[in-house]
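Top to bottom, those sequences are chains A and B.
Position one of the first sequence corresponds to residue 0 (numbering that gives the first Met the number 0), numbered consecutively onward.
Position one of the second sequence corresponds to residue 0 (numbering that gives the first Met the number 0), numbered consecutively onward.
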Amino acid sequence: MSHTSPHHRREEFEETALEYLNPLFNLALNLTRNRKDAEDLVQETYLRAYRFFDSYRPGTHIKAWLFRILRNTFINRYRAQKARPDEVDFSKVELAYERIVDEQFLQANRPVSPEEALMNGVLDEEIETALARLPEEYRSVVILALVEDLSYKEIAAALSIPLGTVMSRLHRGRKLLQGQLLEYARKKGILSGPVDVSTDDDVAS
Amino acid sequence: MNCSAFKRALYHFQADELPAAERAVFQEHLNACAPCAALLEVEEGLLRGLKARLTPAPLPPGLETRVREQMRQAGRSSRPRLDWIRRPWFVAMAASMLLAVLVIPSRNIEMSSLVRVTRVVTVVDFDCDNAGRSFEQQRQCARPKHLNALKLDEGGYWQVSLDHEIGRKLITGRGLRGTRMRVEGLLYEGIRTLQVDRAEEVGLETVGLIFSGL
């Protein structure tokens with residue numbers, strides 16, 4: 000951002016910031032799970048960014064800065080108001096996920112690309128539900144990494160968390176997400192086998 | 000590397016976040032262990048599938064227009080007020096009023112404890128510094144109500160009197176935040192306020208030269 004008059008800086012900011020409207024809306028939708036709330040959240044994010052753009056430090060990643068404002072706004076305004084769906088329990092899912100992968104995917108006589116068959120077999124709605132069931136701190140990291148393709152450093156800046164936390168949340172988030180999809184696939188008969196991710200206390204203990 | 004360590008490093012490998020040396024060890028295990036190679040293949044397939052299916056939602060029609068209009072309205076409503084509030088005379092007046100509030104109830108103390116001092120201090124944004132913000136953040140802070148103070152090495156702050164031009168520039172200079180200065184003047188001990196007669200950046204030219212650029 001160049002050091003011109005405040006008016007021109009604001010115009011420049013407006014144009015630069017609006018480039019990220021689509022990814023911001025996408026994150027907002029995944030956080031709020033409601034299109035109207037997502038639109039409101041995005042509008043509020045831009046308004047805040049516009050009012051406080053003096054606090055933006057030129058040279059920093061404006062996309063990460065906007066994501067941070069959006070997430071903070073969501074946490075402050077929306078999260079407390081909304082009923083949250085049942086969130087998955089990581090301790091139950093992780094070991095079950097690893098067992099399913101071991102038993103269903105890594106056999107010597109495994110069919111060709113069962114993972115592709117799995118991804119083709121689950122519905123968009125099931126993926127959305129699985130994503131919605133992730134605790135928010137995992138969901139944000141997963142969206143920023145897998146959909147927005149932000150680097151670990153950019154995610155750390157966007158969410159104000161250490162790099163190591165980004166890594167651990169992304170790894171856990173992916174396992175939680177994939178574990179739920181495997182369970183959907185098992186229930187639909189795409190995968191066989193007795194392991195039940197959502198209720199398998201024996202596996203978790 | 001054994002299979003457990005391989006599993007722990009797998010997602011780091013996929014994200015290309017492993018240091019070169021660890022990546023080489025990982026690759027070595029991958030070449031020698033068929034189950035781990037199969038596991039990587041599965042995880043890559045799942046990751047590809049997830050990325051392909053987690054596509055961005057389409058933008059609602061009219062949202063961009065609404066956001067633009069909202070920002071323009073905010074600009075129109077806030078610009079005159081902000082321009083006015085940021086003018087130096089307003090800041091100086093606000094600082095004077097703040098100082099008056101401090102001085103009036105303490106006049107007796109002020110007159111009984113006036114001493115001449117010379118001290119090396121750090122110029123800080125009083126509010127930001129209290130909030131633990133870095134000097135870089137303090138220099139970026141443009142809030143008109145945030146005024147500078149002098150931070151003492153042993154802890155605590157001195158306010159700066161507006162009686163002299165140097166004081167006014169010390170109070171409002173955003174670029175001075177974080178600067179080490181040797182200040183000289185009359186200290187009103189009771190209200191911890193310094194009337195600065197002279198100030199120079201430590202190790203550099205006199206503050207008169209520094210201020211000429213403000």
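Glycine is no exception: its CB is placed at the ideal position from the N, C-alpha and C atoms.
Chain A contact residues for residue i, given Cβ-Cβ distances below 7 angstroms
{"i": "B/E21", "result": "Those within 7 angstroms of B/E21 in chain A number zero; the least Cβ separation is about 13 angstroms."}
Below-9 angstroms beta-carbon distance, residue i vs any chain B residue
{"i": "A/A157", "result": "no"}
{"i": "A/R67", "result": "no"}
{"i": "A/Y183", "result": "no"}
{"i": "A/V121", "result": "yes"}
{"i": "A/Q179", "result": "no"}
{"i": "A/P161", "result": "no"}
{"i": "A/Y45", "result": "yes"}
{"i": "A/E136", "result": "no"}
{"i": "A/L130", "result": "yes"}
{"i": "A/L28", "result": "yes"}
{"i": "A/I61", "result": "no"}
{"i": "A/E11", "result": "no"}
{"i": "A/I133", "result": "It should be noted that the sequence gives Leu, not Ile, for residue 133 of chain A. It does not; no Cβ of chain B falls within 9 angstroms."}
{"i": "A/R50", "result": "yes"}
{"i": "A/L17", "result": "yes"}
{"i": "A/H7", "result": "no"}
{"i": "A/L149", "result": "no"}
{"i": "A/I74", "result": "no"}
Under 8 angstroms by beta carbon: chain B residues contacting residue i
{"i": "A/D39", "result": "Per Cβ cutoff of 8 angstroms: no residues; A/D39 is ~10 angstroms from chain B at best."}
CB contact check: residue i to chain A, cutoff 9 angstroms
{"i": "B/L146", "result": "no"}
{"i": "B/A14", "result": "yes"}
{"i": "B/A4", "result": "no"}
{"i": "B/A73", "result": "yes"}
{"i": "B/G172", "result": "no"}
{"i": "B/R65", "result": "yes"}
{"i": "B/L45", "result": "yes"}
{"i": "B/M0", "result": "no"}
{"i": "B/Q137", "result": "no"}
{"i": "B/Q158", "result": "no"}
Residue i classed as buried or exposed, judged by whether at least 16 other C-beta atoms fall within 10 angstroms
{"i": "A/H7", "result": "exposed"}
{"i": "A/K187", "result": "exposed"}
{"i": "B/D124", "result": "buried"}
{"i": "B/L113", "result": "exposed"}
{"i": "A/S139", "result": "buried"}
{"i": "B/P18", "result": "exposed"}
{"i": "B/E42", "result": "buried"}
{"i": "A/K35", "result": "exposed"}
{"i": "A/F51", "result": "exposed"}
{"i": "B/G174", "result": "exposed"}
{"i": "A/E124", "result": "exposed"}
{"i": "A/G163", "result": "exposed"}
{"i": "B/R115", "result": "exposed"}
{"i": "A/R168", "result": "buried"}
{"i": "B/R7", "result": "exposed"}
{"i": "B/T117", "result": "exposed"}
Neighbouring residues, chain B, relative to residue i (Cβ below 7 angstroms)
{"i": "A/L145", "result": "L49, K50 and L53"}
{"i": "A/R34", "result": "P59"}
DSSP beta-bridge partners of residue i
{"i": "B/G184", "result": "B/V116 and B/V195"}
{"i": "B/R179", "result": "B/T121"}
{"i": "A/W239", "result": "What is shown of chain A runs 0 to 204, which leaves residue 239 of chain A out entirely."}
{"i": "B/N147", "result": "B/D124"}
{"i": "A/Q177", "result": "Paired residue(s): none; A/Q177 is not in a bridge."}
{"i": "B/Y156", "result": "B/K150"}
{"i": "B/E200", "result": "B/M180"}
Where residue i meets chain A, residues with beta-carbon distance less than 9 angstroms
{"i": "B/Y10", "result": "M166, L169, H170, R173 and K174"}
{"i": "B/L62", "result": "L20, F24, E38, V41 and Q42"}
{"i": "B/Q26", "result": "Residues of chain A passing the Cβ test: none, with the nearest at roughly 20 angstroms."}
{"i": "B/M235", "result": "A question about residue 235 of chain B goes unanswered here, because the residues of chain B that appear run from 0 up to 213."}
Contact set between residue i and chain A, taken where Cβ atoms lie within less than 8 angstroms
{"i": "B/L58", "result": "L20, N21 and F24"}
{"i": "B/V195", "result": "What B/V195 touches in chain A: nothing, since even the nearest Cβ is about 28 angstroms away."}
Chain B contact residues for residue i, given Cβ-Cβ distances below 9 angstroms
{"i": "A/I126", "result": "L49, R52 and L53"}
The stretch 157-167 of chain B contacting the stretch 126-138 of chain B, beta-carbon criterion three pairs below 8 angstroms: no
With a cut-off of 8 angstroms, do at least 3 Cβ pairs link the stretch 119-129 of chain A to the stretch 27-39 of chain B? The stretch 119-129 of chain A vs the stretch 27-39 of chain B: no contact.
Between the stretch 1-9 of chain B and the stretch 140-156 of chain A, do three or more beta carbon pairs fall short of 8 angstroms? no
Does the stretch 148-158 of chain B come into contact with the stretch 132-139 of chain B, if we say contact requires no fewer than three beta-carbon pairs (one atom in each stretch) closer than 8 angstroms? no
Are the stretch 20-32 of chain B and the stretch 155-163 of chain A touching by the rule of at least three beta carbon pairs closer than 8 angstroms? no
When the Cβ atoms of the stretch 53-63 of chain B are set against those of the stretch 8-16 of chain A, are three or more pairs found closer than 8 angstroms? In short, these stretches do not touch, since the Cβ pair count stays below three.
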